[in-house]
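Q: To convert, take the position in the sequence shown, counting from 1, and add 7; that gives the working numbering. A single structure is presented below for examination.
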Amino acid sequence: MVSKTLVTNCKYIQWSPDSQYILCALYQHSTIQVFSLHSPDWKCKLRHSVCGIVDVCWSPDSRHILTTAEFHVSICIWSLVSHTVKYITCVKETTKPCFSFSSDGSWLAVVEDQGDLDCISIFSASWKLRKQISCVGLGRIEGFSWTPDASAICVWKGAPDKCQLQVYEISTGELRGNFQSSESRMCGIKAVAWMPSGQFLALACLDDKIRLLNHITWQPMVEFPHSDILLDKVCTVYQESFTKEQPSKISFELIHGRPVIISSLQMDLENPTKLMGTGLAVFSSCGYFLATRADKMPAALWIWSIKEMALQSVIVHKQPVTAICWAPVEPRLAIVSGSNFVSLWVNKKVMVHMTDQLCVSDVRWDHSGECLALCATTKVAFLQMPAL
């Protein structure tokens, strides 16, 4: 395992699209560090001296880095080639992420605040404004996501008592689809995830349920609940464990008995929505699996089979799951929980890779699926992973 030492706490890492570089976000110091994987002596540091940095992302060409300033004052576009900076202003503060690239890298979408109405601004790869889409029927945008084929954008409201989503064509700006819950029991949207084929859109809702919308009717086809009492005997349940003889050796034990009780956090009365809903939902690259985490049960990760429309596995850690990442080629899921190991789910089994006492808080596969980047307190480590 190879590691790079950082100057202070790293909160987020991301591979460049060409896997030549990796960026490390040091938000406390308003700094982004960039390392080259093929030229060890090359490194770069980006610092916003006026405002802090709250978000960061690579551009598709791997030669620009975009950062969001604190309070969403602006988006800075840093060029690693010309060493220049460009800016996009009027960014909406409450939306995260407030910008996103299309899957083909041709377009950048930014949520902008236009007074009484929010809009989606579409920029070209040369950072020129090409189109603005006003979300008239929605009003305020709380989140958005590109369709996998980059032909449309879905936008939604995140109000706790209402579930509303719209899909707009990029070429015409016209409304393609619309969904609004008619059930009073259906709470608002916390996050969304597209199946890579675009067939389903997963809505992670505030009532601890995942709902899969059909891409033709834009209506829910199935619901996936997250209960703290697990009775399902078909799915596999793994629980983190260790022995007294070897406390440093971590393994995941297969639990046969039912019911399985999953620990839940108490609701924060001052901020009741903080631990409400499903805050994490990610499809595998093949689209056969969906990984989710309910915020009130942060140590448990749920894996659903889309083919069977059923729960496949539940993986229970001792610490809250801080990050997950699917391999880009094979259905392998890397999971970290701030501990000194990476758990890897594959074919209904869980394997453990120890990380030399590095407490890993974030994890990212490179684009070949052969290497994992691990984010620890003051280091970024690289773990070579053999193919299946």
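Ideal Cβ placement from N, Cα and C applies to all residues, glycine included. The structure displayed is predicted, hence computed values, not measured ones.
1) Is the Cβ-Cβ distance between V387 and A341 less than 8 Å?
2) Where in the segment 29 to 114 do unbroken runs of the beta strand (DSSP E), each at least 3 residues long, occur, reported from the N-terminal end onward?
3) Would you check if the distance between the CB atom of C58 and the CB atom of A76 is smaller than 8 Å?
4) Between which two residues does the beta strand (DSSP E) holding V367 run?
5) Please report the straight-line C-alpha distance between C414 and A132, rounded to a whole angstrom.
6) Of all the options L272, I269, V244, which has the alpha carbon lying nearest to the alpha carbon of L261?
7) So K197 is in the beta strand (DSSP E); what residue range does that whole segment cover?
8) Does the segment 265 to 275 come into contact with the segment 179 to 186, if we say contact requires no fewer than three beta-carbon pairs (one atom in each stretch) closer than 8 Å?
9) To the nearest angstrom, report how far apart A380 and L30 are at their CA atoms.
10) Starting from E119, follow its DSSP beta bridges and name the residues at the other end.
11) Expressed to the nearest angstrom, what Euclidean distance is found between the alpha-carbon atoms of P47 and E230?
12) What distance in whole Å lies between the Cβ atoms of A116 and I217, which are believed to be in contact at a cut-off of 8 Å?
13) How is A394 classed by DSSP in three states: helix, strand or coil?
14) When every heavy atom of the ligand MN is checked, does at least one fall within less than 7 Å of the C-beta of R300?
15) Identify, in the order they occur along the chain, each residue of the same chain with its Cβ nearer than 8 Å to the Cβ of Y34, setting aside the five sequence neighbours on each side.
16) Quick one: residues in its chain with C-beta nearer than 7 Å to the C-beta of E149, no 5 flanking neighbours on either side, listed in chain order?
17) State the DSSP-derived secondary structure class of A159, mapped to helix, strand or coil.
18) Check whether the Cβ atoms of V328 and L308 lie closer than 8 Å to each other.
19) Give the DSSP bridge partners of H360, in chain order.
20) Below 8 Å on the Cβ atoms is my contact criterion, and I expect S346 with C366 to pass it. Report the Cβ-Cβ distance as a whole number of Å.
21) With distances taken from CA atoms, which of H374, V80, S66 is nearest W134?
22) Please name the residue in F130, S158, D156, V118 whose C-alpha comes closest to that of S141.
23) Would a C-beta distance cut-off of 8 Å place H71 and L87 closer than the cut-off?
24) Figure out for me which residue from Q187, F151, V174, A298 has the closest Cα to the Cα of D168.
25) Would you mind giving the Cβ-Cβ distance between F106 and A200, rounded to the nearest angstrom? I have them listed as a contact below 8 Å.
26) I think S69 touches Y28, with their Cβ atoms under 8 Å apart; what is that distance to the nearest whole Å?
27) What's the gap between the Cα of D363 and the Cα of Q391?
28) Sort out for me which residues DSSP pairs S1 with in a bridge.
A: Quick answer:
1) No, the Cβ-Cβ distance between V387 and A341 is not below 8 Å.
2) 38 to 43, 50 to 54, 60 to 65, 71 to 76, 81 to 86, 92 to 96, 106 to 108, all fully within the segment 29 to 114.
3) The answer is yes: Cβ separation under 8 Å.
4) That residue, V367, is in no beta strand (DSSP E); it is neither H nor E in DSSP.
5) Shown here, the chain extends from 8 to 395; a query on residue 414 therefore has no answer.
6) Nearest neighbour of L261 by Cα position, chosen from L272, I269, V244, turns out to be V244.
7) Segment 196 to 201, the beta strand (DSSP E) holding K197.
8) Counting C-beta pairs closer than 8 Å gives fewer than three between the segment 265 to 275 and the segment 179 to 186, which falls short of the contact rule.
9) Approximately 10 Å, taken between the alpha carbons.
10) Beta-bridge analysis with DSSP links E119 to V98, C126.
11) So the two alpha carbons sit approximately 48 Å from each other.
12) Their Cβ separation, rounded to whole angstroms, is 24 Å, which puts I217 and A116 out of contact at 8 Å.
13) Residue state, collapsed to three classes: coil.
14) The ligand MN is not part of this structure, which contains no ligands at all.
15) Cβ neighbours of Y34 beyond the five flanking positions: K18, Y19, G59, I60, V61.
16) Taken in chain order, the residues that qualify are T101, T102, W163, K164, G165.
17) It is a strand residue.
18) Yes, these two residues count as a Cβ contact at 8 Å.
19) Answer is V349.
20) Contact between S346 and C366 holds, since their C-beta atoms are separated by about 6 Å, short of 8 Å.
21) Comparing Cα positions, the closest option is S66.
22) Of F130, S158, D156, V118, the residue nearest in Cα terms is V118.
23) Yes, the pair counts as a contact, with Cβ atoms nearer than the cut-off.
24) Selected option, being the one with the closest Cα: Q187.
25) With a Cβ gap of about 18 Å, F106 and A200 do not count as contacting.
26) Confirmed, Cβ separation roughly 7 Å.
27) Going by the C-alpha atoms only, they are around 14 Å apart.
28) The shown model of the chain, from 8 to 395, leaves out residue 1, and the question about it has no answer.
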